[in-house]
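Peer 1: For the record, the sequence lines run as chains A and B.
With my numbering applied, the first sequence has no gaps in its numbers, which climb one by one up to 234 at the end.
With my numbering applied, the second sequence has no gaps in its numbers, which climb one by one up to 234 at the end.
Ideal Cβ positions, reconstructed from N, Cα and C, are used throughout, including at glycine.
Protein chains: 2
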Amino acid sequence: MAKQARAVRTRQALVRAAAEVFAAEGYAGASLPVISERAGVSNGALHFHFASKHDLAAEVERTAADRAQRLAERCRGRSDTLLQSLVHTACGLLLAVVADPVIRAGFRLSGDPSRKDGTRLLRWWQAWVHELVVQAQREGELARDVPADVATTVIVAATAGFEVMGAADRDVLSVERVTQLWTFVLPRLAAPPDHASTPQGPRAPVEQPGD
Amino acid sequence: MAKQARAVRTRQALVRAAAEVFAAEGYAGASLPVISERAGVSNGALHFHFASKHDLAAEVERTAADRAQRLAERCRGRSDTLLQSLVHTACGLLLAVVADPVIRAGFRLSGDPSRKDGTRLLRWWQAWVHELVVQAQREGELARDVPADVATTVIVAATAGFEVMGAADRDVLSVERVTQLWTFVLPRLAAPPDHASTPQGPRAPVEQPGD
């Protein structure tokens, strides 16, 4: 059992180290020896857990999407409306880009031309936003003249773009700036107060997932 | 003179080929022999014009920012209001991501972790949007309660995010989808009709720069 626990810890250390290196250097620029050294394990241990850089990146992307999914579920549990849950999740996800190298790498790999098919986190986010928007439409929370796919594209684009800007200027990824995004999107998105209560921006503390 | 013209053509072919390869493979993944082969020139000719991959990428980024600047100036010349010019330029820029490999590479390199300091096009876009928004504010075209830096961040993030989504799904970068983005941003951005005429989405044909 102790051996199994050690194997789990080694695997987690490798995923975290790989995420840090992928986020900083990109997929093509990431070196497996650098990753194993950063994780504090031997090259042999890395290859015992992951057959290739491709497999390691796929595991980082899968872990990022899993964490994002759990973040979304926690936000959903605490929100009164679907649109509020959307705002909380989107804000929490952008702040997690700063706090969690795995989420950061998930987004970076989504936009990295050298990592083909690395868009798992982006695709998860797009599917999640679309499902929520469709539900919000059904519940009467959405303005009647906003098509679900248009709303989805705008929300996913805005969050993906914040991540790109945040990579160049970390100050962009602050609670204040991220909340301001929603002052643009919500007035168009939300049904007038007669149909449903207009959700507010996120209340502090905003969800910030650990590892 | 014929020799000089040939040198200019060779240089242009190299910049275009490099842009295509950077956009498709990323900075770290791009190979100089692949670029020279695609440009139809020898490796020696490539090295005569560019000392390194770094220099070649810098030239692609500079060319992308120059073309974006010319696109912005043409849009400005044809727009009645500053906000209309903003909408036209942003739409034209996103459509140019599809049509022009140099603009596409300029954006891709801005978000490529393996290309350090490759954010020239993104920084140009951010500075241009900010200047225009400040002018629009001065002219009374902007809603009074929208801070210029907030508007700038939202607009730049939305366009950068469209580019990221467009790399995964080319259909996102259509006139229709890109115009829909503005139906979200403009109502919040523009001053009420009493203060200035509300700009409409882009009229066809939208600006699409060639090479």
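Since I believe glycine 163 of chain A is in contact with leucine 213 of chain A (beta carbons under 8 Å), could you give me their beta-carbon distance rounded to a whole number of angstroms?
Peer 2: Numbered from its first residue, the first sequence carries residue 213 of chain A at position 190. Numbered from its first residue, the first sequence carries residue 163 of chain A at position 140. A quick correction: the sequence has alanine, not leucine, at residue 213 of chain A. About 11 Å; that fails the 8 Å criterion.
Peer 1: In terms of residues, what are the limits of the alpha helix (DSSP H) holding arginine 61 of chain A?
Peer 2: On the first sequence, residue 61 of chain A is found 38 positions in, with the first residue counted as 1. Element bounds for arginine 61 of chain A: 55-62.
Peer 1: With distances taken Cα to Cα, identify the nearest neighbour of aspartate 89 of chain A among A:Lys139, A:Val125 and A:Ala74.
Peer 2: Working through the first sequence from its first residue, we reach residue 89 of chain A at position 66. The residue with the shortest Cα to Cα distance from aspartate 89 of chain A is A:Val125.
Peer 1: So with CB distances below 7 Å, who are the chain B contacts of arginine 8 of chain A?
Peer 2: Residue 8 of chain A lies beyond the residue range present for chain A, which begins at 24 and ends at 234; the question has no answer from this structure.
Peer 1: Who are cysteine 165 of chain A's beta bridge partners in DSSP?
Peer 2: Start at 1 with the first residue of the first sequence, and residue 165 of chain A comes out as number 142. The question names cysteine, but residue 165 of chain A in the sequence shown is leucine. According to DSSP, which records beta bridges pairwise, leucine 165 of chain A is partnered with A:Ala213.
Peer 1: List the residues of chain A whose Cβ lies closer than 7 Å to the Cβ of glutamate 48 of chain B, in chain order.
Peer 2: Here residue 48 of chain B refers to the residue found at position 25 when the second sequence is read from its first residue. Pro136 and Ser137, listed in chain order.
Peer 1: With a cut-off of 8 Å, does the C-beta of valine 152 of chain A fall near any C-beta of chain B?
Peer 2: Here residue 152 of chain A refers to the residue found at position 129 when the first sequence is read from its first residue. No, no contact with chain B.
Peer 1: On the criterion of 16 or more Cβ atoms from any shown chain inside 10 Å, does serine 220 of chain A qualify as buried, or is it exposed?
Peer 2: Looking up residue 220 of chain A in the first sequence gives position 197. Its pLDDT being 44, under 50, serine 220 of chain A is placed unreliably by the model, and the measurement read from it follows with that caveat. By the neighbour-count rule (16 or more Cβ atoms within 10 Å), serine 220 of chain A is not buried but exposed.
Peer 1: For arginine 6 of chain A, which of helix, strand or coil comes out of DSSP?
Peer 2: Nothing can be reported for residue 6 of chain A, as the shown portion of chain A is limited to 24 through 234.
Peer 1: Candidates A:His77, A:Thr182 and A:Tyr50: which alpha carbon is nearest tryptophan 205 of chain A's?
Peer 2: Translated into the one-based positions of the first sequence, residue 205 of chain A becomes position 182. The residue with the shortest Cα to Cα distance from tryptophan 205 of chain A is A:Thr182.
Peer 1: Could you have a look at phenylalanine 73 of chain A and say whether DSSP puts it in helix, strand or coil?
Peer 2: Counting from 1 along the first sequence, the entry for residue 73 of chain A is found at position 50. Coil at phenylalanine 73 of chain A, not helix or strand.
Peer 1: Would you say the region 80-95 of chain B touches the region 147-164 of chain B, given that touching needs at least three Cβ pairs under 8 Å?
Peer 2: Short answer: they touch.
Peer 1: CB-CB under 7 Å to valine 8 of chain A, same chain, minus the five flanking residues each way: which ones, in chain order?
Peer 2: The first residue shown for chain A is 24 and the last is 234, placing residue 8 of chain A beyond what the model contains.
Peer 1: Select from B:Arg32, B:Val64 and B:Lys139 the residue whose C-alpha is nearest the C-alpha of tyrosine 50 of chain B.
Peer 2: If you number the second sequence from 1, residue 50 of chain B lands on position 27. For the residues B:Arg32, B:Val64 and B:Lys139, the minimum Cα distance to tyrosine 50 of chain B belongs to B:Lys139.
Peer 1: Go ahead and pull the three-state DSSP assignment for arginine 138 of chain A.
Peer 2: Counting from 1 along the first sequence, the entry for residue 138 of chain A is found at position 115. The answer is coil: DSSP assigns arginine 138 of chain A none of H, G, I, E or B.
Peer 1: In the region 140-165 of chain B, which residues sit with their C-beta less than 9 Å from some C-beta in chain E, listed in chain order?
Peer 2: Here chain E cannot be found, since the structure's protein chains are A and B.
Peer 1: Less than 8 Å between the C-beta atoms of glycine 129 of chain A and alanine 68 of chain A, yes or no?
Peer 2: For this step, residue 129 of chain A is matched to residue 106 along the first sequence. For this step, residue 68 of chain A is matched to residue 45 along the first sequence. Not a contact, by the Cβ cut-off of 8 Å.
Peer 1: Kindly indicate which residue of B:Val177, B:Ser133, B:His72 and B:Thr104 has the alpha-carbon position closest to the one of glutamine 158 of chain B.
Peer 2: Taking the first residue of the second sequence as position 1, residue 158 of chain B is located at position 135. For the residues B:Val177, B:Ser133, B:His72 and B:Thr104, the minimum Cα distance to glutamine 158 of chain B belongs to B:Thr104.
Peer 1: Identify the contact partners of arginine 193 of chain A in chain B, using a Cβ-Cβ distance below 9 Å as the criterion.
Peer 2: Counting from one through the first sequence, the residue named residue 193 of chain A turns up at place 170. Within 9 Å Cβ-Cβ: nothing; arginine 193 of chain A doesn't reach chain B, min ~13 Å.
Peer 1: Using a threshold of 8 Å, state whether the C-beta atoms of leucine 109 of chain A and leucine 155 of chain A are closer than that.
Peer 2: On the first sequence, position 86 is the one that residue 109 of chain A refers to. On the first sequence, position 132 is the one that residue 155 of chain A refers to. Against a cut-off of 8 Å, the Cβ pair of leucine 155 of chain A and leucine 109 of chain A comes out as a contact.
Peer 1: What's the call for arginine 200 of chain A, buried or exposed, on a 16-neighbour Cβ count within 10 Å?
Peer 2: For the purposes of this step, residue 200 of chain A is taken as the residue at position 177 of the first sequence. By the neighbour-count rule (16 or more Cβ atoms within 10 Å), arginine 200 of chain A is buried.
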